[in-house]
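First up is the structure itself, then whatever we jot down about it.
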Ligand SMILES: [Zn+2]
Ligand SMILES: [Zn+2]
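Numbering (this note's numbering), first residue to last: 15 to 365.
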């Protein structure tokens with residue numbers, strides 16, 4: 015059965031020193047924790063291979079100095095010979111900037127870059143994708159009832175990414191059930207991101223942001239990005255549950271997940287409770303902004319946007335299932351810039 019070496023954590027339980035994992039077949043994986051933005055930590059993984067090792071996620075240029083230190087620490091502690099410029103392949107779990115922002119560094123060193131085909135466009139047409147997505151986020155925020163000046167501020171934050179990534183075409187586009195080599199199996203799990211993948215290495219599963227040990231990943235409405243949304247995410251949790259049993263899960267953030275199936279149950283229960291809460295709150299007609307404020311309280315900076323997207327994904331799912339209706343349909347039928355009021359079905363039926 016897979017075993018993991020001891021590692022140090024910070025006061026939020028996040029790994030800050032490398033850890034060595036041995037799968038049931040003796041294959042080695044090394045967890046390399048790095049700060050990818052100030053205060054934001056990611057776990058990158060080096061997977062032993064005959065061709066010089068495979069890196070799962072690449073972080074951002076911000077984390078380069080720490081990455082070098084973690085590699086040196088791993089090589090001296092575990093006797094590995096990790097050489098970041100001599101990798102067989104870099105596999106990106108999904109197209110979020112903290113996971114792929116450093117891709118160019120590896121491409122420049124001649125390392126091929128692989129990503130799921132549904133996320134390849136984000137790297138290849140980065141600026142177009144960002145401008146299109148921010149336009150759709152803008153429409154979402156207006157319909158959510160967010161004030162105009164707050165919307166303008168949030169869109170500016172959203173477009174900040176444009177300044178830190180140079181477009182590149184991935185070398186390999188992965189599909190749903192591809193294998194990287196004989197022992198590395200891929201699982202496509204859309205929801206948090208359209209091209210989100212997990213990677214199975216013997217009895218260990220690298221879950222990236224799909225399954226994390228403490229938090230649940232932010233889910234955005236499908237109306238902004240196809241293949242995201244709560245329906246896809248919950249279905250992908252079931253897909254992971256049925257895929258296989260694993261002795262250990264390794265997430266893209268936070269500590270390893272010792273019991274993958276139990277953590278899936280907790281995530282499903284979390285979203286089920288949140289859906290019930292949204293439905294109950296909509297006893298009186300509410301906008302997504304009002305729901306977000308009630309559920310998540312006062313947020314700052316990017317947190318405001320994440321809270322709105324999360325509330326929006328739950329409202330979208332309930333509306334799709336017919337558990338919420340639109341209370342002001344006559345007003346919003348021809349006006350896509352007006353806030354939409356949602357009301358639960360029970361209450362609406364009695365009016
Ligand atoms: Zn992510
Ligand atoms: Zn992430």
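Here a beta-carbon is modelled for each residue, glycine too, at the ideal position from N, C-alpha and C. Note that the structure is predicted; figures quoted are calculated from it, not measured.
Query: DSSP three-state assignment for residue 131, whether helix, strand or coil; Result: helix
Query: Span separating the alpha-carbon of residue 85 from that of residue 318; Result: 35 Å
Query: Cβ-heavy atom distance, residue 328 to ligand 2, below 6 Å; Result: no
Query: Contact test: residue 71 Cβ vs ligand 1 heavy atom, cutoff 6 Å; Result: no
Query: Per-residue burial, residue 112 [other beta carbons within 10 Å of its own, 16 or more giving buried]; Result: buried
Query: Beta-carbon proximity of residue 296 to residue 360, cut-off 7 Å; Result: no
Query: Continuous beta strand (DSSP E) assignments of at least 3 residues falling wholly in the segment 42 to 122; Result: 42 to 51, 54 to 61, 68 to 70 and 103 to 105
Query: Proximity winner among 127, 268, 262 and 209, relative to residue 250 (alpha-carbon distances); Result: 209
Query: Residue 116 versus residue 254 - alpha carbon distance; Result: 28 Å
Query: Between the CA atoms of residue 220 and residue 3 - distance to the nearest angstrom; Result: Lying outside 15 to 365, the shown extent of the chain, residue 3 is not represented and no answer is given.
Query: Exposure label - residue 275; buried when at least 16 CB within 10 Å; Result: exposed
Query: Whole-angstrom distance between residue 55 and residue 189, CA atom to CA atom; Result: 28 Å
Query: Cβ-heavy atom distance, residue 209 to ligand 2, below 6 Å; Result: no
Query: Contact test: residue 267 Cβ vs ligand 1 heavy atom, cutoff 6 Å; Result: no
Query: Residues near residue 34 by beta carbon distance below 6 Å, same chain, minus five either side; Result: 19, 44 and 92
Query: Member of 305, 234, 32 and 192 whose CA lies at the smallest distance from the CA of residue 205; Result: 234
Query: Distance CB(residue 366)-CB(residue 325) smaller than 7 Å; Result: For residue 366 there is no data in the structure shown, the boundaries of the chain being 15 and 365.
Query: Residue 351 Cβ short of 6 Å to ligand 1 heavy atom set; Result: no
Query: Per-residue DSSP class, three states only, for residue 212; Result: strand
Query: Minimum C-alpha distance to residue 88 - residue among 58, 24 and 76; Result: 58
Query: Bridge partners - residue 271, DSSP secondary structure assignment; Result: 263
Query: Spatially closest choice to residue 101 from 155, 61 and 333, by CA coordinates; Result: 61
Query: Start-end ranges of the alpha helix (DSSP H) lying completely within the segment 276 to 326, minimum 4 residues; Result: 302 to 310
Query: For residue 331, the residue or residues it bridges with in DSSP; Result: Per DSSP, none; premise fails for residue 331.
Query: Of the residues 316, 227 and 104, the one placed nearest residue 279, counting alpha carbons only; Result: 227
Query: Residue from 39, 239 and 224 with nearest C-alpha to residue 17; Result: 39
Query: Cβ-heavy atom distance, residue 285 to ligand 1, below 6 Å; Result: no
Query: Span separating the alpha-carbon of residue 351 from that of residue 172; Result: 20 Å
Query: Supposed close pair residue 28, residue 52 - CB separation, criterion 8 Å; Result: Contact doesn't hold; Cβ gap of about 14 Å is too wide.
Query: Check: residue 133 C-beta below 6 Å from any heavy atom of ligand 1; Result: no
Query: C-alpha gap between residue 130 and residue 107, whole angstroms; Result: 8 Å
Query: Contact belief for residue 329 with residue 262 at Cβ below 8 Å, rounded distance in angstroms; Result: With 8 Å as the limit, residue 329 and residue 262 do not qualify as a contact, their Cβ atoms being about 35 Å apart.
Query: Those residues which DSSP pairs with residue 200 across a bridge; Result: 213
Query: DSSP three-state assignment for residue 352, whether helix, strand or coil; Result: coil
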